[in-house]
Structure formats: C-alpha cells, structure tokens
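Enquirer:
Residue numbers (this note's numbering): 4 to 296.
#1: Taking DSSP as the reference, what is the three-state secondary structure of residue 105?
#2: Quick check on residue 29: buried or exposed, where buried means 16 or more other Cβ atoms within 10 Å of its Cβ?
#3: If you compare alpha carbons, which of 252, 100, 183 and 140 is closest to residue 65?
#4: Taking Cβ to Cβ, would you say residue 281 is nearer than 9 Å to residue 129?
#5: How many Å lie between residue 190 and residue 220 at the Cα?
#6: Restricting to Cα atoms, I'd like to know which of 269, 92, 10 and 222 is closest to residue 35.
#7: To the nearest angstrom, report how far apart residue 32 and residue 262 are at their CA atoms.
#8: Would the beta-carbon of residue 232 fall within 9 Å of that of residue 251?
#9: Suppose contacts are defined by Cβ-Cβ distances below 9 Å. Is residue 154 in contact with residue 87 by that definition?
#10: Could you give the residue range of the alpha helix (DSSP H) that holds residue 127?
#11: Measure the alpha-carbon distance for residue 42 versus residue 160 and round it to whole angstroms.
#12: Excluding the 5 residues flanking residue 196 on each side, which residues of the same chain have their C-beta closer than 7 Å to its C-beta?
#13: What do you reckon, are the CB atoms on residue 274 and residue 133 nearer than 9 Å?
#14: CB residue 149 to CB residue 141, shorter than 9 Å?
#15: Using a 10 Å radius around the Cβ and a threshold of 16 neighbouring Cβ atoms, would you call residue 11 buried or exposed?
#16: Could you check if residue 272 is buried or exposed, using at least 16 other CB atoms within 10 Å of its CB as the buried criterion?
So, in structure tokens, the structure goes:
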C-alpha cells in the first residue's frame, strides 16, 4: 500500500471519527446543559492528552503556552469551541458541519489579510463561490434566517484563527501538548457558558457520563489519525479527503436526528466543498505562503 493511499485512508477514518464525535455531542446536549458537556469533555480530553505526554516523557505543558502566538491561538480556540458546541446544540448537524467546511476559505483569507500571503484571481473567485454557498445555507432573509446558524459561522472564524495562529506557533510544541492546551481552553469555555445555563437540576445519569467519556476517546482517535494522515503521503493528495466528514455528518443528520436537508442547503454544501477543494489543491493543502495561484 502506497503512502498516499495509507494517508488518504487515515484521513477518511479521522473524518468519520470526528463525525461520530459531533453526533454523540449533539445527542448528549439534548438532555445535559451545553456548559456541563463542554467541561466534562474538556476534563476527560485533558486527562487523555496529559497521559499521552507523560507516556512520551515530555512536559504536559510547554513553556511557550503564554507566548503571544499561543495566547492568540487560545483566544480563537475558546471562541471556536464555545460557538461550535452552541451550534451543535441549537442548529441542525448538517448545516453546522457544512458551514464549518468553509474553514479553509476563511484560513486563506486570513493568511492574505494577516500573514502577507498572496493568492491569484482564480482562488479569489473560489473563495467568493464558497461564501455564496454559506449564504445559501444561512438564507439571510427575514422569512427563513435562523439566528442559531450564526454560531456555526462564529465557530468557523474561531477555528480558522486558531489554525492561523498554530502556523506561527513554536515548532517545539508536540501534538499532545497542543491537545492538552486545547482541552484546557474547552474547560474554560464551559465556565464562560455556565452562568447563562446554570447547573443541571438533577445528577447526570451514568449513560450521559459514558457518552461524554466515549466521545472524548473517539475525539482522541480522530485527532491522532488526522496527525497520521498529515504525516503520511503528499499533503495535496491527503488533505482533500477532509471533506468526507460532510458525507458522514449527512448520514448521521438524516438517519439519527431526522434532518431533511433541502435543495438550497445541499447546493450551498456543494459550492463550499467544491471551492474548498480547489483552494486546498491549489495551495497543496497548506496555508498560503506568498506564492500566487
């Protein structure tokens, strides 16, 4: 089996695991306050990634966590995680996942605005097409606009800012240390939301605790297989398989949550995925770094 094939399969497995994680989180938040799910998910993830760092005989917390790039990264991750969980709780899974697929376009735009990257006219057109796709899903008209959909847009901005900050973060930080920091931020996001939702009126059932714990394990598998995918084969070949997450999410949305995506939502998804694929292929799966396309 070639490296490209192994990397592509790892990417598909990772995206399937992320889709399972999203579906389980949405299911848990139907009965448990979002703030509690955030904190529990963060605590379990923090324990898992800290354990992986201990196993690798590296510090759990890197000394650079308070450096300017990492502080910026943490602020964007806080917003991204918080709004993503709110989107899962209050918006359809299908539209939330579709809007999040526009992240590569937002990253590209951010790289142009803040990192001095240069992109050619064809990629500007691709970004424009992708954002039209987002508008088709949002439907910003008084008759059909859903306010909760804004959570997915804000989550996309947060995650894109995190990715841009990660690109300039210290290279000495391992994936485990970044994961640990990410779950610490997730716990903080839960505390930010807690005053607005309060504590649950009754103790959590063992099933809900098991779901959150299982979701975290699935998330760790997804994160590690994503890392494996990005380190195996050509990035330009492997990265486009990120969009398989949308297919898995649609399956869960339709058969688990009973969602029925309409024509405009599907058309917007196609525009986002198509423009994102073009952008990723033209950039070799990387954040633009000064070369025109």
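Quick reminder that beta carbons are idealized off the backbone N, C-alpha and C, glycines included.
Expert: Answer, in terms of the structure:
#1: coil
#2: buried
#3: 183
#4: yes
#5: 16 Å
#6: 92
#7: Residue 32 and residue 262 have their C-alpha atoms roughly 17 Å apart.
#8: no
#9: yes
#10: Residue range 124-141 is occupied by the alpha helix (DSSP H) that includes residue 127.
#11: Looking at the two C-alpha atoms, the distance is approximately 22 Å.
#12: In chain order, 37, 38, 41 and 85 place their CB closer than 7 Å to the CB of residue 196, counting only its own chain and leaving out the 5 sequence neighbours on each side.
#13: Yes, the Cβ-Cβ distance between residue 274 and residue 133 is below 9 Å.
#14: yes
#15: buried
#16: buried
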